[in-house]
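In our numbering, the protein residues as written are 24 to 311.
Glycine is no exception: its CB is placed at the ideal position from the N, C-alpha and C atoms.
Single-structure report; data block below.
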Amino acid sequence: MASTLRNVTPAQAVHMEHSSSSSSSNNYSQLAFFKPSPISVLSLRHRDFPVRHFCLVKTLRSQDLAEQMKEMAAAEKRWRSQVRDGKVQLLSPKQAGYAAQLSDHRILDVRPSTERNKAWVKDSIWIPLFDADKGMAPDTLLKRFSNFSMGGWWSGSPLMKFNNQFLARVTEMIPEDSKVIVVCQKGMRSLAACEQLYNAGYRNLYWIEGGLDAAEEGDLNREGPQPFKFAGIGGISEFLGWTDQQRIAGAKEGWAYRAVFFGRTVAIVLLADALFLGAQQLSQILKH
Numbered sequence: 024m025a026s027t028l029r030n031v032t033p034a035q036a037v038h039m040e041h042s043s044s045s046s047s048s049n050n051y052s053q054l055a056f057f058k059p060s061p062i063s064v065l066s067l068r069h070r071d072f073p074v075r076h077f078c079l080v081k082t083l084r085s086q087d088l089a090e091q092m093k094e095m096a097a098a099e100k101r102w103r104s105q106v107r108d109g110k111v112q113l114l115s116p117k118q119a120g121y122a123a124q125l126s127d128h129r130i131l132d133v134r135p136s137t138e139r140n141k142a143w144v145k146d147s148i149w150i151p152l153f154d155a156d157k158g159m160a161p162d163t164l165l166k167r168f169s170n171f172s173m174g175g176w177w178s179g180s181p182l183m184k185f186n187n188q189f190l191a192r193v194t195e196m197i198p199e200d201s202k203v204i205v206v207c208q209k210g211m212r213s214l215a216a217c218e219q220l221y222n223a224g225y226r227n228l229y230w231i232e233g234g235l236d237a238a239e240e241g242d243l244n245r246e247g248p249q250p251f252k253f254a255g256i257g258g259i260s261e262f263l264g265w266t267d268q269q270r271i272a273g274a275k276e277g278w279a280y281r282a283v284f285f286g287r288t289v290a291i292v293l294l295a296d297a298l299f300l301g302a303q304q305l306s307q308i309l310k311h
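Have a look at this one:
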């Protein structure tokens with residue numbers, strides 16, 4: 024099953040994770056899977072091709088995208104079928120909170136460290152299905168640059184890699200007969216994890232549709248510096264307050280909350296103007 028997951032590209036993973044949340048403005052790379060997307064590589068390398076190859080590269084990119092979309096749809100359909108087939112039981116965030124507090128259900132958090140460090144369920148077991156790839160190999164650096172240029176700068180999402188020790192760590196820490204509530208930020212990664220766990224012998228699996236993004240304060244026993252809904256945002260979009268989660272919070276908190284982000288936006292505009300004028304002045308000085 025791990026080999027099946029490895030065939031999912033970053034672009035597919037991004038779409039699948041965000042398609043489970045219909046009103047998310049953080050529509051860039053939330054999750055980067057195991058091998059570099061052909062589109063990502065071509066977008067970086069096509070400048071080195073002779074001009075006569077441009078049409079060929081463009082055609083290949085279109086074919087790659089179409090193939091990725093087909094694989095993405097098939098994977099999402101397969102994962103969701105687990106709920107319809109009864110392999111995975113559906114819970115609301117509030118039901119999951121009750122189950123964790125009043126019974127022997129265990130909560131397995133499969134999110135990457137970038138999300139886990141912001142907010143987590145008390146006493147949950149953290150074993151990421153994917154985590155940030157901090158390698159310094161040339162191919163990894165290329166992937167990281169591609170991830171950043173294709174939306175990571177906006178969403179704050181780093182390049183991710185598959186955790187090859189995921190199943191080994193789960194089986195070491197959680198017996199097969201345990202009742203396991205698998206959670207992620209938006210719901211799609213936890214479904215992918217449920218598929219692996221079911222094939223490994225786990226039969227008491229539970230899933231929160233919409234992930235921790237669907238949880239309200241009080242549904243789950245939260246620990247960490249931020250609300251669950253804010254754990255999946257980052258980058259420039261978070262800094263400027265341009266995410267759905269922050270807009271909803273701003274409507275509740277009032278003008279003082281929104282004024283902070285308005286001030287940041289104005290500061291960035293002024294800084295950009297200052298840099299532009301400074302570059303013009305420097306250009307004039309160099310000419311003379």
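field: Beta-carbon proximity list for L83, same chain, < 6 Å, skipping 5 on both sides
entry: Reliability of the predicted coordinates at L83 is poor, the pLDDT of 48 falling under 50, and no value is obtained from them.
query: What are the boundary residues of the beta strand (DSSP E) that includes I204?
result: 203-206
query: Would you call the segment 240-247 and the segment 274-286 touching, i.e. three or more CB-CB distances under 8 Å?
result: no
query: How should L300 be labelled, buried or exposed, when 16 other C-beta atoms within 10 angstroms of its C-beta is the threshold for buried?
result: exposed
task: May I ask which residues mark the beginning and end of the alpha helix (DSSP H) holding A237?
output: From DSSP, A237 is part of no alpha helix (DSSP H); its letter is neither H nor E.
- request: Tell whether a beta-carbon distance below 9 Å holds between S201 and N222.
  value: no
Per-residue DSSP class, three states only, for E195: helix
Contact between the segment 227-237 and the segment 201-216 (3+ Cβ pairs under 8 Å): Touching, yes, given that three or more Cβ pairs across the two stretches are closer than 8 Å.
- prompt: Any heavy atom of the ligand COA closer than 8 Å to the Cβ of R134?
  reply: Judged by which ligands are present, the structure shown has none, so any question about the ligand COA falls away.
- prompt: Taking the Cβ atom as the reference point for each residue, do E90 and A254 lie within a distance shorter than 9 Å?
  reply: Their beta carbons are not under 9 Å apart, which means E90 does not touch A254 by this criterion.
- request: Going by DSSP, name the residue or residues bridged to Q112.
  value: Paired residue(s): Y229.
D162 versus A98: straight-line alpha-carbon distance, rounded: Rounded to the nearest angstrom, the gap between the Cα atoms of D162 and A98 is 26 Å.
message: I need the boundaries of the alpha helix (DSSP H) containing R139, first residue and last residue.
response: 136-139
message: In whole angstroms, give me the CA-to-CA distance for Q307 and S213.
response: 57 Å
task: Pick out whichever of W177, A216, W176 has its Cα sitting closest to the Cα of R192.
output: Here the closest residue by C-alpha is A216.
query: Between the Cα of A155 and the Cα atoms of V106, N140, T194, which residue gives the shortest distance?
result: N140
field: H128 to K166 span [Cα, whole Å]
entry: When the Cα atoms are used, H128 and K166 turn out to be separated by approximately 38 Å.
- prompt: In this structure, does DSSP put M92 in helix, strand or coil?
  reply: helix
query: The beta strand (DSSP E) spanning F153 covers which residue range?
result: 153-155
field: Whole-Å CB distance - E261 paired with G179, under 8 Å assumed
entry: 6 Å
task: Please name the residue in Q188, Q105, S126, E240 whose C-alpha comes closest to that of I150.
output: Nearest option by C-alpha distance: Q188.
message: Spatial neighbours of I259 within its chain, please: C-beta separation below 7 Å, excluding the five flanking residues on both sides.
response: Cβ neighbours of I259 beyond the five flanking positions: W176, W177.
Backbone CA spacing between W143 and D242 [nearest angstrom]: One C-alpha to the other measures close to 12 Å.
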